[in-house]
Every structure is written in structure tokens, then in C-alpha cells.
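Before any comments, here is the structure.
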Amino acid sequence: MTNKELANLIFPNIDKTIEDYEAIYPEREKKEGARITRFAPSPTGFVHIGNVLQALTDYLLAKNSGGVFYLRNEDTDTKREVESAVLKIMEVLEYLGLTPDEYQYQGKVVGNYGPYVQSERKEIYHAFIKYLIEIDRAYPCFCSSETLDEMRKRQEAKKSQPGYYGAWAKCRDLTNEERAERIKNGEPFVIRFKSMGNPNRKVLFHDPVTGVIEFPENNNDMVIMKSGDLLPTYHFAHVVDDHLMHTTHVVRGQEWLPSVPLHIELFNAFGFKQPEYIHNSLLLKQDGDIRRKISKRKDPEALMAYYMEKGYPKKAVIESLMTILNSNYEEWRNEHPDASYLEFEFDPSKVGTTGALYDLDKLDNISKNIISKMDKNTIYDHVVDYTKKMDPSFYELITKYEDYTIGILNIEREQEKPRKDFACLEDVKKNIWYMYDELFIEPTYEWMKITEKEEIIRIVDTYMEKYFTEGDDKETWFSKVKEMAGQLGYAMNMKEYKQNPEAYLGNVADISTVLRVTFTSKNQTPDLYEILNLLGKERMLKRIKQMKEMI
RNA sequence: GGCCCGUUGGUGAAGUGGUUGAACACACAUGCCUUUCACGCAUGCAUUCAUGGGUUCAAAUCCCGUACGGGUCACCA
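Residue numbering for the first sequence follows my numbering, starting at 229 and increasing by one per position.
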């Protein structure tokens, strides 16, 4: 029985040849040096921050070169697949602005190299496997998983290399007649690649992140098609898809490094040109004394959803990941504060090889800077979008008092050195809630130095009766507060007070604090003058009354 | 265990044989400014590049060993 006959027996309905597919998916028309990259996650329902790092790398590589960035859904593991996972992936990519040029999503296919969902490419894989069987580079294997487990144990006991190779590869030397018979008898089987490698020889390959790496050749007859659903394994799908879709650069995690020899052999078996590989380092997490891979089960910050829920601006997430990818990015950013990150010349060889800790403090800092630079309407829009999803009742409030809210958000904002109060949009409410009567219900007054009720009331009443005038400018306002301090026996300025603290009841800061706490309940707020301006006389009187009742 | 990769401060790191007395940013500390906080400003924070040995006039940078960390050895990706 010839190989061709065996191939036909296994795949009777596969008519297209690999040449047919070459014709269907011709070389892309692209300019010199353009890179074709892909983000190819498996739809497990979560988007890991490490995935985002890869997608960003892909995106940069493609966009920097006028190439194409596409999304491919690697759903060959039907056991792990999660409904709506693709939706989440698209959501994340949209959120970050890493929109793919080609994708398949909710029945819509964009791009000429689809389907972009692996489970819909079964026929294609089968044609390529059929070809491998015909040229004697693949064969059916009837070993059960129990047989394989046993084999592995024996290999361990003998301290020999685990795997399906050499004398261990029992099904490799079956005759085609035996194979045909067992298939006809309905025995389940997988298809294995027939390796011609010799581990005593080395394969060299270059990865821009790590440099030149030397591995022993692969000699394992890896499974390329699973039994049951007849879907290909990752290794095989990778070779076929990235070839037909004409990927030039494959970005993936470092955990793939050890399978490179296999992939090289696979590409060679077909005579395909292999893409360049960029193996990104993993994101780690400090856990006590140990650094471990950041895990979506233990670490909420491992998931992209965490950042979206907290309301980190997409730019902040991108910027922080850029600094991890290329640490010279920050320097560049300082020189080009307004440039798009896409103008930065990304250099894969500068990606660190050591797993990096993802630094949340750094993210906060970057994010604070970005938010502080937004103008009042921009931040208002962001807050509206965010609270609409995450905090509907607060959303109601801020949109009800739109101008008032914009005013609050604008305190100490549109100036040379704006405040940096918000690391994420979740922080906004924490910082401004007291401006709304609806939320100023049971304030906990954070008095500082002056805590006696009579003194507090004396200060507040004096202020309202003698020193408060609506419409004062800031200087006038503050000089009045100083004047009042003097009248009440407090030092009018800090220098005087420091020189002779005994001579005074306190100083003007203590007076300001009493006012601040009365009107906001908090002892730390942005500029009190601006706050009082926004609050207005009516609300101030109401809050004084409230304060007198509550303390 | 085999095979790969790595190890510069609390964090990300610059650095590829000699202007490095180890950049820059974050964090932290102190001080100044200041009506609080934040901002801003100033100063401090690795006598040393996991460790032992070697090559060299000269090493964080090259070589070898050791330790430690990570990855991988599936019909998962």
C-alpha cells in the first residue's frame, strides 16, 4: 500500500492540495520591510497582562513598518474554550487602541487570509497533514494515553529522554497495511510528525531578544493532529497558519523557546520559509522571597480587566508596558512629550531577557501624569464614560451637575504644574465626593489641632459674619483669612509663628484647617478658596449648620 | 533529572574591555516652598554589578566552574 493510498484512506474527503492553498493565499503585497504580525491568543476567557504585552509588541512591529497586524483565534483546545472570550479580547484591544487590521468576530471576517479561527480551518490542516503522509513525514499512531503514560514512566526510570522517538516510537514502523487495517477496524489514532532529527546535531537560531541560541535537534515524533475532534495541535497550526497568512514575525512568550527546534523541522519538512521569532520574557510577581510568573488566579493585576475596572487610561497602560519593553522609551518620551508612542523606534533586541516585575507604582505615576495633563472637559468625559459602567449612581450625580462637576475637576488643573491627584478614574470619587450634598450626609470630621467645639464655632461664625464676602478674588480671600487669624489670636503667617509659637493660640494654617474640615469634612483637599467658590454661600451655611449639629 | 535562558540598587533598568567616582525613571527618606494635601525644587539612597577562579596594562563588560532563579519536557496553548 502506498503512502498516497494511506493518506486517502485517512482523509478521503480532502480534495484540495497544498498547492491549491498556496494559490488561495498568495504572498501579500507589501512594501519592502513591512512586517506581518499576529496576536494569537487562545480563548480562555481572560486577557492576561502578558498577552497585552505581546499584542503591543506585535502592533508596534507592524505599525512601525507599514505592515499588518491581525488577530487569530487559537481555539484548538475545545476543552478550555470559553464562550465570549473573543469578545473580551476584542474589547481589550479596542480599549487599548490596538485594533487589528484583520480579524474574525461575530460572524464578520475582515481580511483575505481567513478564516481567522482555527477550528474553522480544519480542512486546511488536513490537506497539509495529508501531504505529509504522502511524503512519508507523518503517520497515524494508535497508542493510547495509558500506553504513553506507562512509556513515560519507564523512560523516567531508565533516565532516558522522555518522548516518542527511536525505539519508543512503536507506531512509526508499522506497515501501511497494518495501519490501514487498524483504521478500518475503527481504532482511534492521532497523527504524528515523523522526525528526521538527530539530537547529537545542533540547530542554531537567532532571536532578537535572547541572541543566538543553540538547541539539540528535535527527534520527537510530536502529535500534530489530535484524535476525537481531529484538530491540529498548536505546533502544527502555527506552521500552517503563519505560513499561509504570511506572518513575518512571531511574537510569543519565552515558554515557547524549547519547541523552536520542532517548529524549525516542521517548516523544513514543507520547505516553507520560517518566520522570525521574538520570544518575550515573562511578567513576574514578587511573592515573598520568590519571583514567580504572574498568575491570573492569585494576582488580580495579572488580568487586563483589573486596569479597566480601576479606570486606568489606556495611554497609561500602554506607556507603562512600553517602558518594560524598551527601557530607553522613557528617555524618548521626555524628549517627545506629545508624540504618539508609535513614533518611537521600537527595538526588539532591547527587550529584557529577565522576567520583569510589573510595577504598579510606576503605572500610578505614569497615569497621574497623563490624567493631570487632560483638560477639564477631557477628564470629565473620561469620568462620565467610566462611571456610566462602573458606578451608575455617581454617574447620575455628576451628569446632573455637569458644570459644577467640571468646575470641581478643574481645580488646580489648567495651570503650568497641575495637581496629580488621580492615578485612575476610580480615585476621582474618593477625592471629590464631599462636594456633593447627596453624598455629604454623615461626614466624619477630621479635625486636626483645634478640636474644641466652642473654638471651632467661634472661628466659623466669625468667618461668616465678618470675613466672608462672595466674589472675593483669591488674594483678598486669603488676606482676610489671615486678618481673621490675627484678630482671634492666631499667627497671621507661618514665619512669625515659627519664631515665637508661645505667643499665639496657633497659626493661620489651623484656622484654614477648621474651615476646610467644616466645609468638606476632610483635612486634606485641593485649594480651599476654589472649593468654597464652587460650594457657594448657601451650601456653606447649610454645612455649618450640619457641622454644629453633628459635633 | 535532561535541555534551554538568565542573575547590575526596593522596582524597571542604562551599560557589549578604559572620560562609570555605575545613567535615567519610579519608589523611599530628609529639607525647602506652603493655609492642608498634592505639585514643584534640593539633597540622600549599589565603595559595586550572584559567587569563585582565569584572560588582560585594564572587566559589570571576555572565558570556565559554583550557587540561585525562571522556562520546558501533553492528543494545553
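We treat Cβ as the ideally placed atom computed from N, Cα and C, and that holds for glycine.
Alpha carbon of PHE267 to alpha carbon of THR438, nearest angstrom
If you number the first sequence from 1, residue 267 lands on position 39. If you number the first sequence from 1, residue 438 lands on position 210. One C-alpha to the other measures close to 21 Å.
Buried or exposed (CB count within 10 angstroms, at least 16 for buried), ILE594
As a position in the first sequence, residue 594 is number 366, starting the count at 1. With 16 or more other Cβ atoms within 10 Å, it is buried.
Is the segment 407-421 close to the segment 451-460, with three or more CB pairs under 8 Å?
yes
Can you tell me the Cβ-Cβ gap for GLU330 and TYR344, rounded? I've got them flagged as a contact below 8 Å.
For this step, residue 330 is matched to residue 102 along the first sequence. For this step, residue 344 is matched to residue 116 along the first sequence. The pair is a contact, with the Cβ atoms about 7 Å apart (cut-off 8 Å).
From the DSSP output, in three-state form, read off PRO729 for me.
The residue given as residue 729 occupies position 501 in the first sequence. Of the three classes helix, strand and coil, the one that applies to PRO729 here is helix, per DSSP.
Rounded distance between the beta-carbons of ARG365 and PHE421, thought under 8 Å:
Looking up residue 421 in the first sequence gives position 193. Looking up residue 365 in the first sequence gives position 137. Confirmed, about 7 Å.
Would you say GLU758 and ILE639 are within 8 Å of each other, going by their C-beta atoms?
One-based indexing of the first sequence puts residue 758 at position 530. One-based indexing of the first sequence puts residue 639 at position 411. Yes; because the gap between Cβ atoms is below 8 Å, this pair is in contact.
With DSSP run on the structure shown, which of helix, strand or coil describes LEU667?
In the first sequence, counting from the first residue as 1, residue 667 sits at position 439. Of the three classes helix, strand and coil, the one that applies to LEU667 here is coil, per DSSP.
Less than 8 Å separating the beta-carbons of ASN554 and ASP575?
Mapped onto the first sequence, residue 554 falls at position 326. Mapped onto the first sequence, residue 575 falls at position 347. The answer is yes: Cβ separation under 8 Å.
Who are the Cβ neighbours of GLU654 in its own chain at under 7 Å, not counting the five residues just before and after it?
Sequence index remark: in the first sequence, residue 654 carries index 426 (1-based). Closer than 7 Å at the Cβ level, and outside the excluded window around GLU654, lie LYS538 and GLY539.
With C-beta atoms as the reference, is LEU570 less than 8 Å away from LYS316?
As a first step, residue 570 must be located in the first sequence, where it is residue number 342. As a first step, residue 316 must be located in the first sequence, where it is residue number 88. Result no, Cβ atoms of LEU570 and LYS316 do not sit closer than 8 Å.
Cβ shell of ASN775 (< 6 Å), same chain only, five flanking positions each side left out:
Position 547 of the first sequence, counting from 1, holds the residue named residue 775. Here the sequence assigns Met to residue 775, which means Asn is not the residue at that position. Answer for MET775: THR746, listed in chain order.
Proximity to GLY583 [Cα-Cα], best of TRP661, LYS513, GLU309 and MET618:
Taking the first residue of the first sequence as 1, we reach residue 583 at position 355. When each option's Cα is compared against that of GLY583, the closest is LYS513.
What residues are listed by DSSP as bridge partners for ALA719?
The residue given as residue 719 occupies position 491 in the first sequence. DSSP, once it has assigned bridges, lists ASN735 as partnering ALA719.
Nearest by alpha-carbon distance to THR403: which of MET229, VAL736, VAL742 and VAL579 is it?
In the first sequence, residue 403 corresponds to position 175, counting from 1. Per the Cα distances, MET229.
From the DSSP output, in three-state form, read off ASP457 for me.
In the first sequence, residue 457 corresponds to position 229, counting from 1. If DSSP states are grouped into helix, strand and coil, ASP457 belongs with coil.
Quick check: what's the CA-CA separation for PHE495 versus GLY481?
By 1-based counting over the first sequence, the position of residue 495 is 267. By 1-based counting over the first sequence, the position of residue 481 is 253. Approximately 20 Å, taken between the alpha carbons.
Measure the alpha-carbon distance for LEU284 versus TYR298 and round it to whole angstroms.
Residue 284 sits at position 56 when you count from the first residue of the first sequence. Residue 298 sits at position 70 when you count from the first residue of the first sequence. The alpha-carbon atoms of LEU284 and TYR298 are separated by roughly 12 Å.
In the structure shown, what three-state DSSP assignment does VAL611 receive?
Start at 1 with the first residue of the first sequence, and residue 611 comes out as number 383. In the structure shown, VAL611 sits in a helix (DSSP, three-state: H, G or I).
If you draw a straight line from the C-alpha of LYS350 to the C-alpha of PHE622, how long is it?
Start at 1 with the first residue of the first sequence, and residue 350 comes out as number 122. Start at 1 with the first residue of the first sequence, and residue 622 comes out as number 394. Cα to Cα, LYS350 sits roughly 50 Å from PHE622.
On the DSSP letters alone, give me the boundaries of the alpha helix (DSSP H) that ARG420 sits inside.
Here residue 420 corresponds to residue number 192 of the first sequence, with the count starting at 1. No alpha helix (DSSP H) holds ARG420; the beta strand (DSSP E) holding it covers 418-421.
Which of the three DSSP states, helix, strand or coil, is assigned to GLN643?
Residue numbering aside, residue 643 sits at position 415 when the first sequence is read from its first letter. Residue state, collapsed to three classes: coil.
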